[in-house]
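Asker: Take this structure first; my questions come after.
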Amino acid sequence: MEEMEIKTEYINIQTDFGFKHVFGSLKNKDALIRFLNALFEGKLTVTDVTYHDKEILPSEEGGKRIVYDVYCTTPVSRTESPFFPRLQSKGKGEAHSDHHFILEMQNIYTPPFEERMVFYASKMVAGQGKAGWNYELEPVFAVAVTDFNFSHLSPKLVRDVMLVDRESGEPLTDKLHIFLCSLKEVPAMWEECRTEMEYILFLIKNMDNMDSTSLAYREGRFTEIFEAARSSRLKKDEIVAYSQSLEKLRDTQLGIQYAAERAAERAAERARSEGRSEGRAEGETNAKIKIAQKMLKEGLSIEMITTLTELSESEVLSL
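Here's what the structure looks like:
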């Protein structure tokens with residue numbers, strides 16, 4: 003059997019294998035620590051992480067089994083964590099709390115993905131309950147890196163979702179966060195990135211297109227992520243798993259693009275065959291609007307929808 007060979011210097015981090023390999027393995031934990039610190043922008047400092055079993059079995063018969071991409075915790079002093087009221091030292095040693103992190107890489111929108119993230123986070127919250135517990139929660143952070151924008155939310159690079167008052171925006175509690183990080187909002191060029199998170203999301207999106215001559219590598223600022231993604235470090239079984247994961251991602255992306263293009267073509271053809279010439283333009287527009295609405299529900303990006311339907315960005319956003 004012919005040996006598989008990876009033709010790129012770095013692996014694609016958007017693949018299921020690549021994301022878990024770079025951010026979910028003990029040997030690469032420095033890459034995850036860098037990611038989490040960029041996410042919190044100095045509000046919380048992560049110095050170490052402990053990885054846990056990614057499979058959560060149901061507590062009752064017939065319950066839902068969960069498999070996270072990455073699940074880890076980090077112990078933080080409660081006097082230093084921004085997610086606990088400041089405690090007065092009583093001379094009995096410092097109280098620590100585990101902060102829980104769930105990470106997911108999602109390339110294709112499958113409804114209702116946003117509700118799946120709520121379920122994942124809630125499951126981690128509910129799992130803290132035990133006899134004698136006083137309901138003081140340990141912080142839970144569910145982080146999703148997506149290659150799509152949500153049709154009902156305005157485009158944003160990083161969205162931090164909490165339980166807040168709808169009118170005032172005041173948080174009920176800050177022990178539960180859902181972070182949505184969109185690769186669609188990443189700057190097109192490395193030189194255009196400004197924040198730590200923009201740089202890291204740029205690497206996730208473009209890693210397999212770079213090599214040691216790339217500016218991002220030559221700057222030497224994200225060595226831990228580049229080293230974690232270096233293809234030459236993969237073992238034979240990892241190369242096989244990565245190749246299969248890469249093929250699956252590419253097939254999925256091509257399938258969605260093909261389906262969107264065919265749908266747009268059929269919609270335009272139906273519009274052309276409808277009505278008389280004076281109503282044809284209006285028919286085409288209405289058909290494009292209908293197909294754009296379907297594309298939005300499927301989680302396709304604004305950019306792709308405008309390209310395939312020839313509607314303007316403002317027309318698509320108004321939907």
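Mapped onto the numbering used here, the consecutive letters of the sequence shown carry residue numbers 3 to 321.
No residue lacks a Cβ here, since even glycine has one placed at the ideal position from N, Cα and C.
Values in this document were obtained by computation on a predicted structure and should not be read as measured data.
May I ask you to report which of helix, strand or coil DSSP gives Ser83?
Answerer: Coil, per DSSP.
Asker: Got a sec, what are the start and stop residues for the beta strand (DSSP E) Thr311 sits in?
Answerer: Looking at the DSSP string, Thr311 is not in any beta strand (DSSP E); the run it does join, the alpha helix (DSSP H), is 304-311.
Asker: How many Å lie between Asp100 and Ser316 at the Cα?
Answerer: 45 Å
Asker: Tell me which same chain residues have a C-beta within less than 8 Å of the C-beta of Met51, skipping the five on either side of it?
Answerer: The question names Met, but residue 51 in the sequence shown is Val. Lys31, Leu34, Ile35, Leu38, Cys74, Thr75, Thr76, Phe103, listed in sequence order.
Asker: Using the C-alpha atoms, what's the distance from Val147 back to Leu185?
Answerer: 7 Å
Asker: Roughly how many whole angstroms lie between the Cα atoms of Glu249 and Phe25?
Answerer: 20 Å
Asker: Please report the straight-line C-alpha distance between Phe115 and Ala218, rounded to a whole angstrom.
Answerer: 32 Å
Asker: Can you list, in chain order, the residues of its chain whose CB lies under 6 Å from that of Pro157, leaving out five sequence neighbours each side?
Answerer: Result list for Pro157: Asn151, Glu187, in chain order.
Asker: With a threshold of 8 Å, are at least 3 pairs of Cβ atoms found where one atom belongs to the stretch 233-244 and the other to the stretch 263-273?
Answerer: no
Asker: In the DSSP assignment, find the unbroken beta strand (DSSP E) run with Phe121 in it and report its ends.
Answerer: Per DSSP, Phe121 belongs to no beta strand (DSSP E); it is in the alpha helix (DSSP H), 115-128.
Asker: For Lys290 versus Leu319, is the C-beta distance shorter than 8 Å?
Answerer: no
Asker: What residue does the beta strand (DSSP E) around Val188 start on, and which one ends it?
Answerer: Counting along the chain, Val188 falls outside any beta strand (DSSP E), and DSSP gives it neither H nor E.
Asker: On a Cα-Cα basis, can you pick out the residue from His23, Leu41, Ile68 that is closest to Leu203?
Answerer: For the residues His23, Leu41, Ile68, the minimum Cα distance to Leu203 belongs to Leu41.
Asker: Spell out the partners DSSP gives His102 in its beta bridges.
Answerer: Thr75, Val142
Asker: Going by CA-CA distance only, name the one from Ile293, Gln246, Leu236 that's closest to Glu263.
Answerer: The shortest Cα separation from Glu263 among Ile293, Gln246, Leu236 belongs to Ile293.
Asker: By the DSSP assignment, the alpha helix (DSSP H) with Leu203 in it spans what residues?
Answerer: 198-208
Asker: Measuring alpha carbon to alpha carbon, tell me which residue in Val72, Leu178, Ala97 is nearest Gln130.
Answerer: Out of Val72, Leu178, Ala97, Leu178 has the C-alpha closest to the C-alpha of Gln130.
Asker: Asp162 bridges to which residues according to DSSP?
Answerer: Phe181
Asker: Whole angstroms are fine: how far does the CA of Thr308 sit from the CA of Ser234?
Answerer: So the two alpha carbons sit approximately 39 Å from each other.
Asker: Can you pull the DSSP bridge partners for Thr175?
Answerer: Thr175 pairs with Leu165.
Asker: Report the three-state DSSP secondary structure of Met297 (helix, strand or coil).
Answerer: Helix at Met297.
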